[in-house]
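A.B. asks: Converting from the sequence shown to our numbering requires adding 27 to each position, the first position being numbered 1.
Note that CB positions come from ideal geometry on N, CA and C, so glycine has one too.
Just so we're clear, the structure is a prediction, and the values are computed from it rather than from any experiment.
Below: one structure in structure tokens.
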Amino acid sequence: MSGVWRPGDPVDLAWRGIGYIRAYLRMDIPDAALIRRALRQIATISPQVGRWCHPDGHWRPVGEREMDTWLDLHVFASPLHAIAPELAFTLPPHLRARQRFSVMVGDDWLLVTADHEFGDGLTVDTFVGHLLRQARSEETLELPWRVATAWERDRDIAAGLLRNARSLPYVVRHRRELAGGSYAIDEQERTPTTVVALSDLRFTAAVRHLRDRLYPDASMAAIVIAGIRAGLARCVAEVRPGFECLYNSRRPHAGLPLWGNWSAGLYVRPHDDHDPVAISEAMVQVRDRGLPAYALAAMRARGRHTTDTHAPSAAATGAPRLTVSYFGQHTVAMLPGVRPGESLIATFSHPNGPDSISVQAVELGGRLSLSAAFNPEVWPRNHVQEALRDFLASPERVLFSPSRHQSSASRHQVS
Numbered sequence: 028m029s030g031v032w033r034p035g036d037p038v039d040l041a042w043r044g045i046g047y048i049r050a051y052l053r054m055d056i057p058d059a060a061l062i063r064r065a066l067r068q069i070a071t072i073s074p075q076v077g078r079w080c081h082p083d084g085h086w087r088p089v090g091e092r093e094m095d096t097w098l099d100l101h102v103f104a105s106p107l108h109a110i111a112p113e114l115a116f117t118l119p120p121h122l123r124a125r126q127r128f129s130v131m132v133g134d135d136w137l138l139v140t141a142d143h144e145f146g147d148g149l150t151v152d153t154f155v156g157h158l159l160r161q162a163r164s165e166e167t168l169e170l171p172w173r174v175a176t177a178w179e180r181d182r183d184i185a186a187g188l189l190r191n192a193r194s195l196p197y198v199v200r201h202r203r204e205l206a207g208g209s210y211a212i213d214e215q216e217r218t219p220t221t222v223v224a225l226s227d228l229r230f231t232a233a234v235r236h237l238r239d240r241l242y243p244d245a246s247m248a249a250i251v252i253a254g255i256r257a258g259l260a261r262c263v264a265e266v267r268p269g270f271e272c273l274y275n276s277r278r279p280h281a282g283l284p285l286w287g288n289w290s291a292g293l294y295v296r297p298h299d300d301h302d303p304v305a306i307s308e309a310m311v312q313v314r315d316r317g318l319p320a321y322a323l324a325a326m327r328a329r330g331r332h333t334t335d336t337h338a339p340s341a342a343a344t345g346a347p348r349l350t351v352s353y354f355g356q357h358t359v360a361m362l363p364g365v366r367p368g369e370s371l372i373a374t375f376s377h378p379n380g381p382d383s384i385s386v387q388a389v390e391l392g393g394r395l396s397l398s399a400a401f402n403p404e405v406w407p408r409n410h411v412q413e414a415l416r417d418f419l420a421s422p423e424r425v426l427f428s429p430s431r432h433q434s435s436a437s438r439h440q441v442s
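What follows is the structure, given as structure tokens:
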């Protein structure tokens with residue numbers, strides 16, 4: 028084996044050791060042989076993909092003579108057809124020490140199992156979209172992403188801090204709420220689980236109608252966050268005030284998305300947790316203050332200056348800590364092979380703390396899928412699943428029926 032070992036990017040290293048599985052289900056997927064050929068083509072021209080990784084975070088490109096061995100460790104075929112998300116999460120092979128990701132290919136599904144060091148959700152979706160397109164092409168396609176150099180990343184982070192220097196006093200007061208929460212495994216060594224719920228085809232249109240009628244100043248994400256909170260309050264327990272939200276901190280670079288980890292978690296505190304308008308305003312305020320730039324800078328400092336890259340686990344509070352990331356239709360529209368009304372994307376991940384319920388929402392083809400990660404020793408699995416299904420089955424009823432939400436709902440006449 029040849030090549031020089033290089034240090035990993037500090038922001039990527041700050042996520043090291045946090046694994047996840049991204050499941051692309053009910054799609055038109057090329058067979059494993061074509062996926063393997065496509066991955067070879069991509070890895071040959073992209074060291075961000077084609078690399079050996081050392082447990083300490085260093086990496087080196089895969090050499091030409093090593094490529095077949097590398098592919099054997101990264102692409103797996105499965106004969107299974109039409110699997111459910113919960114089954115999909117039990118299938119991926121164990122990640123070996125020097126792997127950041129692996130791909131499993133089924134008849135109409137594809138799984139990516141990854142260490143978060145590989146990249147955030149947008150990176151993985153961009154990678155999978157390109158992998159599927161390359162598998163359908165005899166020619167080697169241009170990469171649809173750009174890689175920022177260490178200098179460019181430092182420059183972008185510094186520019187973000189300078190643009191938002193007025194926010195420094197707020198950041199100092201609320202510094203514990205920056206840089207990704209508490210994903211470290213807690214002392215009791217709990218085993219997290221993920222449940223998935225999928226809406227019907229009318230859901231996103233119905234929610235947008237509800238939004239236009241009652242909350243015209245709220246985003247779709249804010250409606251969904253309010254609905255998830257209300258569902259958890261009905262079926263699990265009253266949720267801790269506020270929520271953590273993952274913000275994409277990428278800035279345009281030659282019209283292409285940037286590779287790697289550019290998402291940072293920030294705690295959002297609306298003045299009314301049950302009002303989608305208040306939630307939307309608070310989310311916009313966080314971005315307008317430039318707080319994602321500070322959160323990304325904090326993650327970069329953590330990954331650069333300490334070997335313990337995870338924030339310490341928070342103590343349980345007796346109420347769920349809500350974390351939400353939202354992928355709108357436009358973020359997954361580049362994926363080929365999507366079957367309108369059938370396809371879904373689900374994610375198995377680690378909850379953000381021992382008492383957290385971390386929800387990833389993906390909008391695709393008129394449907395919304397919710398993947399909730401949590402510790403079943405803390406929150407009953409069937410209660411969390413019921414909360415998600417309850418909201419997806421009847422968003423208006425869930426948003427307005429609890430009596431404790433009436434102070435918020437009374438400001439909006441339901442017709």
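(1) What do you reckon, are the CB atoms on G292 and L273 nearer than 8 Å?
(2) Would you say N409 reaches chain D, if we count a Cβ-Cβ gap shorter than 8 Å as a contact?
(3) Going by DSSP in three states, E271 sits in which element: helix, strand or coil?
(4) Compute the Euclidean distance between the alpha carbons of G498 and E93, then round it to the nearest angstrom.
(5) Within its chain, find whatever has a CB closer than 7 Å to the CB of W42; leave out the 5 residues flanking it on each side and keep chain order.
(6) As a quick exercise: from F354, Y321, M54 and V89, pick the residue whose alpha carbon is nearest that of H201.
(7) Threshold first: 3 residues or longer. Then list the beta strand (DSSP E) segments lying entirely within the region 278-347, N to C.
(8) Alpha carbon to alpha carbon, what distance is there between R261 and W14?
(9) Could you work out which residue in Q68, E113, H85 and T117 is closest to D95 when comparing CA atoms only?
(10) Quick one, which of V386, E369 and E265 has its alpha-carbon nearest W136's?
(11) For H221 versus A400, is the C-beta distance shorter than 8 Å?
(12) To the nearest whole angstrom, what separates the beta carbons of I250 and F270, a pair I think is in contact under 8 Å?
(13) Closest to A60 by CA distance: which of V304, L158, R53 and P74 is it?
(14) Take the Cβ of N457 as the centre, count every other Cβ of all protein chains shown within 10 Å, and call the residue buried at 16 or more, exposed below.
(15) Do you know offhand how far A206's Cα is from L426's?
(16) Using the rule of at least 16 other Cβ atoms within 10 Å of the residue's Cβ for burial, across every protein chain shown, is W443 buried or exposed?
(17) Could you pull the start and end residues of the beta strand (DSSP E) that D134 belongs to?
(18) Less than 8 Å between the CB atoms is what I'm expecting for A224 and R416, so what's the real figure, rounded?
(19) How close, in whole Å, do the beta carbons of A325 and Y353 come, if the pair is a contact with beta carbons under 8 Å?
(20) What three-state label does DSSP hand L225 in the structure shown?
(21) Mind reading off the beta-carbon distance from L318 to V199? Whole number of angstroms is fine, and I expect it under 8 Å.
(22) Near E390, what residues of its chain come up, given a Cβ to Cβ distance below 7 Å and the 5 sequence neighbours on each side ignored?
(23) Can you have a look at R182 and say buried or exposed, based on whether 16 or more other CB atoms are within 10 angstroms of its CB?
(24) With contact counted as at least three CB pairs below 8 Å, one residue from each stretch, are the region 240-248 and the region 297-316 in contact?
(25) Pull the bridge partners of I372 from the DSSP assignment, please.
(26) Would you identify the three-state DSSP class for Q356, choosing helix, strand or coil?
(27) Got a sec? Which residues, its chain only, sit under 7 Å from L371 by beta carbon, not counting five neighbours each side?
(28) Tell me whether P407 is buried or exposed, calling it buried when 16 or more other Cβ atoms sit within 10 Å of its Cβ.
(29) Figure out for me which residue from V405, P74, L107 and F103 has the closest Cα to the Cα of E91.
(30) Could you tell me which residues DSSP puts in a beta bridge with G46?
(31) Drop a sphere of 10 angstroms on the beta-carbon of P297, count the other beta-carbons inside from all chains shown, and report buried for 16 or more, exposed for fewer.
C.D. replies: Answer, in terms of the structure:
(1) Yes, the Cβ-Cβ distance between G292 and L273 is below 8 Å.
(2) Among the chains in the structure shown there is no chain D, since it carries only a single protein chain.
(3) strand
(4) Residue coverage of the chain in this structure runs from 28 to 442, which leaves residue 498 outside it and unanswerable.
(5) H143, E144 and N288
(6) Y321
(7) 290-295
(8) Beyond the ends of the chain as shown, which are 28 and 442, falls residue 14; an answer cannot be given.
(9) Q68
(10) E369
(11) Looking at the sequence provided, one finds Thr at residue 221 rather than His. Closer than 8 Å, so yes.
(12) With 8 Å as the limit, I250 and F270 do not qualify as a contact, their Cβ atoms being about 14 Å apart.
(13) Shortest Cα-Cα distance from A60 to any of V304, L158, R53 and P74 involves L158.
(14) Residue 457 falls outside the range modelled here, since the chain spans only 28 to 442, and no answer is possible.
(15) Here A206 scores only 49 on pLDDT, less than 50, and its place in the model is too uncertain to base an answer on.
(16) Residue 443 falls outside the range modelled here, since the chain spans only 28 to 442, and no answer is possible.
(17) D134 -> no beta strand (DSSP E), and no H or E assigned at all.
(18) 5 Å
(19) With a Cβ gap of about 22 Å, A325 and Y353 do not count as contacting.
(20) strand
(21) That belief does not hold up - the Cβ atoms of L318 and V199 are roughly 12 Å apart, past 8 Å.
(22) T231, F354, G355 and Q356
(23) exposed
(24) yes
(25) Its beta-bridge partners are Y51.
(26) helix
(27) L52, R53, L225, L391, R394 and S396
(28) Here P407 is exposed, its C-beta having fewer than 16 other C-beta atoms within 10 Å.
(29) P74
(30) D142
(31) buried
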